[in-house]
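Enquirer: Quick one: the structure is below, and I'll ask about it shortly.
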Amino acid sequence: WTPNNWAGISTGAQSGTHGASSWFIRMPDGEDVSSLTSLGINAETIWEAAERQGLKSAVLHYPGSMPSRLKKGYIIDGNAGPAYNACPFELAAAEAYTSDRNVESGSLKEIVLKPAVGWKGLPNGGPPPLEATLPVSAKYPEWDINWRAVALGGSNGYDRVVVCREKDLSTALNECKRNQWSDWATVSIGGREGAVRFKLTMLSPDGKAIKLYRSQIMPNKGFSDPDEIGAELIKVLGPYQEYVSQMFNVLGIIDFTTCVEEADYQGQWISKAALYLTQKKGCDLFFCHWHFLDDVNHFHLAHLDPTWIRYDPKDAEKHWDMVRQAYRAIDHMMATLLEGITGDDTVMIVSDHGCSTINRKVSMERFLQERGFLVMKDPKAVPSCFARDWYDRIDWDKTQVWLHEGVFLDPFNIYIHSKTPEEYKTIQRDLIRELRTWVDDKLNETPVAMALSKQDAEMIGLWGDQVGDVVVILETGYTLAKKVGETALEDNMGHVASGHGRIKPTSETQYGTEKAIFAISGPKFKKGYCRPVEKLGHLRLIDITPTLCHLLEIQPPAQSQGAVAYDLFEGHEMVRERPNPTPAYKPTKEYKKRMQDHLYEFGLLKDETNPC
């Protein structure tokens, strides 16, 4: 899943080696650090290996690249937390203002337009100006401020909103016309300069209904290492927007087209930054991460898939249209990049994972409690590892297992609480048996595809100090529930209809797959080649960095464990066909006959012995 896979791509190391197999990593001193920072990645990255060998890199919005471990290259916004209000650099997360009184989200602010009083510089004519206060929830409460909005109009009623610092039109930040983006404005939040823009998605002619969306406010500097490169990019390319999401579309404040417009702006900024950094700043390598499609798949993919438990063919075309809009933004991004590169450049596209339909949710806490492995002090309390006092809720004298608190988001790692090695082995054996034999009676399927001991988890690349004593991989169509239900298995009824991670990486449904995408184009690579996976198997994410290092003629990172995908390069063929018909070779047939005589005529198999 997200943190684990981006680390695997950048280091070429297995999950057990780079250690970023969860959203948070427990350090030797007991402190928890995010695996979206370089502190959580215990392996050298390709940009570090490249710098060690004389190449210069630029890394933009790539998880785990900050704090920077480079001396000469550029790291820009290197935490890349894929969630609302997660960016450590933002001055304020995006918000929206609405006259709708049924506000259920902290990111929405209810406002009421009322007659403007005490304003300066208001125009004459048109309907009487209406005002509202726009509270801005900043990154830190002490940075919170209020802006003022005034609704103005003409003969057809109210048609625009002006956002001001004070009740004075001369302090205007933005003028917002219906269904149009305002210009960017420079603002000060917490003593730091940033940029903001608005989109007025609703304003009724009578001024009674309003929906006003405010963008995320990112600083004009202080989000890169060295600091100067971020400020330089903003000067050349315009304001930087770190987070694009469909959250406000789901909340009904903006339409999906507005989401795509924000994504398109971000995609264009990234492409132009890639060209600027490689062509103007002397960078040999550019790496970036763009998260928009992850959200698109979570919210829309299942609606396309007839195998989804809530599939409605009447809704499918609407969601197909949204997916197409999203891909147009990606096409635009790639077009800008490809039009600007030279014939000597190589371009690679890779995703950290795919996405597939989720029908059922698994409450691992509830399962463990029902089977007697997890014991709470209060048996009636909801056994949710997302509780802030989770560790205090566990009865440590009686419980046999425990889970990390919810900030880790990894109930697929189960830890054993035992007093002796013998007790440890017994609990581990019993738990694995219960997981492997658990049946979902509704679907007549086993939710758990694999339940492995810590020792056996090595076969899927997991080892080290972060892995659980029992590791759980779910079957296709299942995911781990964040909100614990009344039972251990429940239908997926949430907005997030598709998912990834925690399930078999080979999972596929009609329109979804957990497998990542990969494409590469450059002067040394074959044209139009598609690896025959039935003969060579799939490319692994850990193979990407060794392959790029082979292209660059440099040594891979120190902990790299992947292989070079030689079949991608011109002049190297890996597919080998068996001879047909089989060449005559007498010893082969004689050996088969001798083995049959030995095993059957002398009866060795009757004793159930192993002849070899």
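Counting from 184, one number per residue, gives the positions in the sequence shown under the working numbering.
Glycine included, every Cβ here is placed at the ideal spot set by N, Cα and C.
Since we're looking at a predicted model, the values are computed, not measured.
How would you call C538, buried or exposed, if buried means at least 16 neighbouring beta carbons within 10 angstroms?
Expert: As a working mapping, residue 538 is identified with position 355 in the sequence shown. By the 10 Å Cβ count, C538 comes out buried.
Enquirer: Suppose the cutoff is 7 Å on Cβ atoms and the five residues either side in sequence are ignored; what does the same chain contact list for A748 look like?
Expert: Position 565 of the sequence shown, counting from 1, holds the residue named residue 748. Excluding positions up to five away in sequence, the list reads L722, D726 and T730.
Enquirer: Does the structure place the region 243–259 close enough to the region 363–383 that three or more beta carbon pairs sit under 8 Å?
Expert: The region 363–383, when compared against the region 243–259, does not touch it at the 8 Å Cβ threshold.
Enquirer: Tell me the DSSP bridge mates of A332?
Expert: Here residue 332 refers to the residue found at position 149 of the sequence shown. A315 and V346, per the DSSP bridge assignment.
Enquirer: Leaving out five residues before and five after F550 in sequence, what residues of the same chain have Cβ atoms less than 6 Å from its Cβ?
Expert: As a working mapping, residue 550 is identified with position 367 in the sequence shown. Around F550: A671.
Enquirer: Using 10 angstroms around the beta-carbon of N675, count the other beta-carbons present and answer buried if the total reaches 16, otherwise exposed.
Expert: Residue 675 sits at position 492 when you count from the first residue of the sequence shown. It is buried - the Cβ of N675 has at least 16 other Cβ atoms within 10 Å.
Enquirer: At what residues does the alpha helix (DSSP H) containing V530 begin and finish?
Expert: Stepping through the sequence shown from its first residue, residue 530 is reached at position 347. Note, V530: premise wrong, no alpha helix (DSSP H); beta strand (DSSP E) at V530 to V533.
Enquirer: Determine the contact status of E756 and F708, defining contact as a CB-CB distance below 8 Å.
Expert: Start at 1 with the first residue of the sequence shown, and residue 756 comes out as number 573. Start at 1 with the first residue of the sequence shown, and residue 708 comes out as number 525. In this structure, F708 does not lie closer than 8 Å to E756 by Cβ.
Enquirer: Determine the closest residue to E658 out of L222, V650, D561 and V631, with distance taken between C-alpha atoms.
Expert: As a first step, residue 658 must be located in the sequence shown, where it is residue number 475. Closest by alpha carbon: V631.
Enquirer: Can V667 and S546 be called in contact, C-beta distance under 8 Å?
Expert: Residue 667 sits at position 484 when you count from the first residue of the sequence shown. Residue 546 sits at position 363 when you count from the first residue of the sequence shown. A contact, by the Cβ cut-off of 8 Å.
Enquirer: Output needed for D438: all residues of its chain with C-beta closer than 8 Å, excluding positions within five of it in sequence on either side, in chain order.
Expert: Indexing the sequence shown from 1 puts residue 438 at position 255. Excluding sequence neighbours, D438 sits near T384 and N432.
Enquirer: Which residues bound the alpha helix (DSSP H) around Y459?
Expert: As a first step, residue 459 is located in the sequence shown; it is residue number 276 there, counting from the start. Segment F439 to Q462, the alpha helix (DSSP H) holding Y459.
Enquirer: In this structure, does DSSP put S198 in helix, strand or coil?
Expert: In the sequence shown, the residue the question calls residue 198 occupies position 15. Helix.
Enquirer: Taking F660 and R543 to be in contact with their CB atoms under 8 Å, please state how far apart those CB atoms are, rounded to whole angstroms.
Expert: As a first step, residue 660 is located in the sequence shown; it is residue number 477 there, counting from the start. As a first step, residue 543 is located in the sequence shown; it is residue number 360 there, counting from the start. Per the sequence shown, residue 660 should be read as Gly rather than Phe. That pair is a contact at about 6 Å.
Enquirer: Using the Cα positions of G337 and P594, report the straight-line distance between them to the nearest angstrom.
Expert: Walking along the sequence shown from the start, residue 337 turns up at place 154. Walking along the sequence shown from the start, residue 594 turns up at place 411. Distance between the alpha carbons of G337 and P594: 58 Å.
Enquirer: Give me whichever residues DSSP pairs with E278 in a beta bridge.
Expert: Counting from 1 along the sequence shown, the entry for residue 278 is found at position 95. E278 pairs with R397.
Enquirer: Taking 8 Å as the cut-off, decide whether the C-beta atoms of A315 and I294 are in contact.
Expert: Your numbering for residue 315 matches position 132 in the sequence shown. Your numbering for residue 294 matches position 111 in the sequence shown. Against a cut-off of 8 Å, the Cβ pair of I294 and A315 comes out as a contact.
Enquirer: For S681 versus H481, is the C-beta spacing smaller than 8 Å?
Expert: Translated into positions along the sequence shown, residue 681 becomes position 498. Translated into positions along the sequence shown, residue 481 becomes position 298. Yes, the Cβ-Cβ distance between S681 and H481 is below 8 Å.
Enquirer: On the DSSP bridge list, what partners appear for S704?
Expert: Looking up residue 704 in the sequence shown gives position 521. DSSP lists V530 as partners of S704.
Enquirer: Any chance the region 203–217 sits against the region 422–432, with 3 or more Cβ pairs inside 8 Å?
Expert: At 8 Å Cβ cutoff, the stretches do not touch.
Enquirer: Report buried or exposed for Y426, applying the criterion of at least 16 other Cβ atoms within 10 angstroms of its Cβ.
Expert: To locate residue 426, count along the sequence shown from 1; it is residue 243. Buried, since its Cβ has 16 or more Cβ neighbours within 10 Å.
Enquirer: When the Cα atoms are used, what is the spatial distance from L521 to I453?
Expert: Here residue 521 is taken as the residue at index 338 of the sequence shown, counted from 1. Here residue 453 is taken as the residue at index 270 of the sequence shown, counted from 1. Their backbone Cα atoms lie some 13 Å apart in a straight line.
Enquirer: Alpha carbons only, please: which of I703, R343, L724 and S288 is nearest the one belonging to L734?
Expert: Within the sequence shown, the letter at position 551 stands for residue 734. When only C-alpha atoms are compared, the closest one is I703.
Enquirer: Roughly how many whole angstroms lie between the Cα atoms of G651 and S218?
Expert: Mapped onto the sequence shown, residue 651 falls at position 468. Mapped onto the sequence shown, residue 218 falls at position 35. Near 17 Å, if we compare the C-alpha coordinates of S218 and G651.
Enquirer: Find the nearest neighbour of Y257 within the set Y341, D410 and N225, judged by alpha-carbon distance.
Expert: As a first step, residue 257 is located in the sequence shown; it is residue number 74 there, counting from the start. If we check each option's Cα against that of Y257, D410 comes out closest.
Enquirer: Could you check the C-alpha separation between F591 and H483 for me, to the nearest Å?
Expert: By 1-based counting over the sequence shown, the position of residue 591 is 408. By 1-based counting over the sequence shown, the position of residue 483 is 300. Cα to Cα, F591 sits roughly 26 Å from H483.
Enquirer: Would L291 and A277 qualify as a contact pair, given that the criterion is a beta-carbon distance under 8 Å?
Expert: For the purposes of this step, residue 291 is taken as residue 108 along the sequence shown, with counting starting at 1. For the purposes of this step, residue 277 is taken as residue 94 along the sequence shown, with counting starting at 1. Not closer than 8 Å, so no.
Enquirer: In chain order, which continuous runs of the alpha helix (DSSP H) of length 4 or greater are located wholly inside the region 561–601?
Expert: The qualifying runs are 573–576.
Enquirer: Classify D488: buried if its beta carbon has 16 or more other beta carbons within 10 angstroms, exposed otherwise.
Expert: Here residue 488 refers to the residue found at position 305 when the sequence shown is read from its first residue. Flag for D488 reads buried.
Enquirer: To the nearest angstrom, how far is it from the Cα of D796 to the Cα of C442?
Expert: The displayed coordinates of the chain run from 184 to 795. Any statement about residue 796 would go beyond what the structure contains.
Enquirer: What does the alpha-carbon distance come out to for the pair K404 and T696?
Expert: Counted from its first residue, the sequence shown places residue 404 at position 221. Counted from its first residue, the sequence shown places residue 696 at position 513. Near 39 Å, if we compare the C-alpha coordinates of T696 and K404.
Enquirer: Can you tell me which of P422, S407, E231 and Q552 puts its alpha carbon nearest to the alpha carbon of L614?
Expert: Start at 1 with the first residue of the sequence shown, and residue 614 comes out as number 431. Of the candidates P422, S407, E231 and Q552, the one whose C-alpha sits nearest the C-alpha of L614 is Q552.
Enquirer: Using DSSP bridges, identify the partner residues of F470.
Expert: Counting from one through the sequence shown, the residue named residue 470 turns up at place 287. BP columns for F470 point to V242.
Enquirer: List the whole-angstrom C-beta distance separating T540 from T692, where the pair is believed to meet the contact cut-off of C-beta under 8 Å.
Expert: Sequence index remark: in the sequence shown, residue 540 carries index 357 (1-based). Sequence index remark: in the sequence shown, residue 692 carries index 509 (1-based). Correct: roughly 5 Å between the Cβ atoms.
Enquirer: Pull up the distance between the alpha-carbon of I597 and that of L635, whole angstroms please.
Expert: Locating residue 597 in the sequence shown gives position 414, where the first residue counts as 1. Locating residue 635 in the sequence shown gives position 452, where the first residue counts as 1. Taking the straight line joining both Cα atoms gives about 10 Å.
Enquirer: Would you mind working out which of W230, R209, V716 and V558 sits nearest S743, comparing C-alpha positions?
Expert: Along the sequence shown, one-based indexing puts residue 743 at 560. Among W230, R209, V716 and V558, the Cα nearest to that of S743 is on W230.
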